[in-house]
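This report refers to the structure that appears directly beneath it.
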Amino acid sequence: MPSPMIGEVRMFAFGRAPIDWLLCDGSIKQINDYDLLFTVLGTTYGGDGVTTFALPDMRGRVPVHQGQGVSGSGAMTNRYLGVKGGSETVTLQVAHIPAHTHAFEVSGDQANNVKPDGALLAKPVGDNIYVKPENIKTAAPLSTADATTSITGASTPHENTMPTLTLSYCICARGYFPSRA
3 MPSPMIGEVR
13 MFAFGRAPID
23 WLLCDGSIKQ
33 INDYDLLFTV
43 LGTTYGGDGV
53 TTFALPDMRG
63 RVPVHQGQGV
73 SGSGAMTNRY
83 LGVKGGSETV
93 TLQVAHIPAH
103 THAFEVSGDQ
113 ANNVKPDGAL
123 LAKPVGDNIY
133 VKPENIKTAA
143 PLSTADATTS
153 ITGASTPHEN
163 TMPTLTLSYC
173 ICARGYFPSR
183 A
């Protein structure tokens with residue numbers, strides 16, 4: 003395997019940094035201890051730039067390439083090196099969940115089932131409010147009804163994380179110095 007370049011980030015399937023590598027955990031490092039790594043990173047990820055600098059913090063993050071991406075509808079916003087975005091949780095507000103309508107079929111027959119599985123709403127009989135299509139007796143066509151949903155929710159945050167597999171992101175602190183060519 004070729005020697006890594008200083009500043010190169012790799013994933014490892016174990017929970018520690020190999021020799022000459024550091025965990026990408028956002029920790030603050032002394033420039034005197036890692037002067038070549040500081041030359042590559044500068045203060046992109048933090049630090050005062052006089053005596054300290056920070057490593058990238060990949061905890062709970064998905065890497066995204068820098069620059070301006072392109073989507074099917076045109077250009078996307080710029081992504082600048084070292085800038086974090088997104089959130090692990092999100093709280094939906096009323097503006098995110100507007101009222102809307104749904105069309106659904108109902109039967110004019112009397113209900114004979116309490117379970118909705120594969121059934122239609124029907125004229126209630128006791129606790130029964132559904133009828134299975136095979137139990138519909140009238141020849142009348144099914145009706146389509148519109149229902150408007152009301153805005154609901156408790157404005158509490160919910161998880162906003164895609165399926166993940168946790169690995170260790172590490173950055174090379176000692177190796178080949180990358181050329182600027």
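Using this note's numbering, the first residue of the sequence shown is number 3, and each one after it goes up by one.
Glycine residues also receive a C-beta, built at the ideal position from the N, C-alpha and C atoms.
Taking Cβ to Cβ, would you say SER73 is nearer than 9 Å to ASN162?
One-based indexing of the sequence shown puts residue 73 at position 71. One-based indexing of the sequence shown puts residue 162 at position 160. No.
To which residues does DSSP link ASP59 through a beta bridge?
The sequence position of residue 59 within the sequence shown is 57, counting from 1. Beta-bridge pairing links ASP59 to ASP27.
For the pair the region 90-103 and the region 111-128, tell me if three or more CB-CB distances fall below 8 Å.
Between the region 90-103 and the region 111-128, the count of C-beta pairs closer than 8 Å stays below three; the two stretches do not touch.
Going by beta-carbon coordinates alone, are ASN34 and THR53 separated by less than 9 Å?
As a first step, residue 34 is located in the sequence shown; it is residue number 32 there, counting from the start. As a first step, residue 53 is located in the sequence shown; it is residue number 51 there, counting from the start. Their beta carbons are under 9 Å apart, which means ASN34 touches THR53 by this criterion.
What's the gap between the Cα of LYS31 and the Cα of LEU57?
Residue numbering aside, residue 31 sits at position 29 when the sequence shown is read from its first letter. Residue numbering aside, residue 57 sits at position 55 when the sequence shown is read from its first letter. Cα to Cα, LYS31 sits roughly 7 Å from LEU57.
From what residue to what residue does the alpha helix (DSSP H) around ASP37 run?
Translated into the one-based positions of the sequence shown, residue 37 becomes position 35. Its alpha helix (DSSP H) spans residues 37-43.
Does DSSP put HIS104 in a helix, a strand or coil?
Position 102 of the sequence shown, counted from the start, is the residue given in the question as residue 104. Strand, per DSSP.
For the candidate residues ILE99, MET60, ALA97, whose alpha-carbon lies nearest to that of VAL85?
On the sequence shown, residue 85 is found 83 positions in, with the first residue counted as 1. Checking every option, the nearest Cα to that of VAL85 belongs to MET60.
Considering only their Cβ atoms, is the gap separating CYS174 from LEU83 smaller than 9 Å?
Counting from 1 along the sequence shown, the entry for residue 83 is found at position 81. Counting from 1 along the sequence shown, the entry for residue 174 is found at position 172. Not a contact, by the Cβ cut-off of 9 Å.
Is PRO126 helix, strand or coil by DSSP?
For the purposes of this step, residue 126 is taken as the residue at position 124 of the sequence shown. Note: PRO126 maps to strand in three-state DSSP.
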